[in-house]
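K.L.:
In the numbering used here, the protein residues as written are 6 to 117.
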Amino acid sequence: MYKLSVADTVRVPVKFTLNDAGKAASFFFHLICDRLDTEEIKSIQQGGESTISDFLRRVTRDWQGQTLVVDDEKKPVPFSPEAFEVMLTCAGVAVLTYQAYFKECSAKEKNS
Numbered sequence: 006m007y008k009l010s011v012a013d014t015v016r017v018p019v020k021f022t023l024n025d026a027g028k029a030a031s032f033f034f035h036l037i038c039d040r041l042d043t044e045e046i047k048s049i050q051q052g053g054e055s056t057i058s059d060f061l062r063r064v065t066r067d068w069q070g071q072t073l074v075v076d077d078e079k080k081p082v083p084f085s086p087e088a089f090e091v092m093l094t095c096a097g098v099a100v101l102t103y104q105a106y107f108k109e110c111s112a113k114e115k116n117s
């Protein structure tokens, strides 16, 4: 049996700023996601999982260094499906994360 020589997961850097009461608040963290192949991605896009958020829910397994989603004491919370849902409610975050996922999963030309 043949398989790809890269890991089944990919570490996706996500970086953005949000307007926080007139000040720019910067965020940078990594999502740990399943690496899907082309056929799996097509199947999801053609199936019932049609939104960007649905896709991200399917592939995201963990995060590292995130500070956007916090508890009552303003401490960053560990990854959970519920915490990830809160992150996805922030306008624009799902789209940026989706783009970052494909950037990291796609082959890139290497400069010599």
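Note that the Cβ used here is the ideal one computed from N, Cα and C, for glycine as well.
1) Mapping the DSSP letters down to three states, classify residue 110 as helix, strand or coil.
2) What is the rounded straight-line gap between the Cα of residue 14 and the Cα of residue 116?
3) If contact is defined by three or more beta carbon pairs under 8 Å, each pair taking one atom from either stretch, is the region 17–24 in contact with the region 86–103?
4) Pull up the distance between the alpha-carbon of residue 51 and that of residue 44, whole angstroms please.
5) In chain order, what residues of the same chain have a beta carbon less than 7 Å from the beta carbon of residue 36, not counting five sequence neighbours either side?
6) May I ask you to list the residues that DSSP assigns as paired with residue 16?
7) Which residues in the same chain have their Cβ closer than 7 Å to the Cβ of residue 38, if we skip the five residues on either side of it in sequence?
8) Would you mind giving the Cβ-Cβ distance between residue 58 and residue 9, rounded to the nearest angstrom? I have them listed as a contact below 8 Å.
P.N.:
On the basis of the supplied data:
1) Helix, per DSSP.
2) Those two C-alpha atoms are separated by around 24 Å.
3) With three or more CB-CB distances shorter than 8 Å, the region 86–103 counts as touching the region 17–24.
4) C-alpha separation (whole angstroms): 10 Å.
5) Within the same chain, residue 36 has close Cβ partners 17, 19, 65, 68, 102.
6) DSSP lists 37 as the bridge partner or partners of residue 16.
7) Closer than 7 Å at the Cβ level, and outside the excluded window around residue 38, lie 14, 15, 17, 64, 65, 66, 106.
8) Actually they are not in contact, since the Cβ atoms of residue 58 and residue 9 sit about 27 Å apart, beyond 8 Å.
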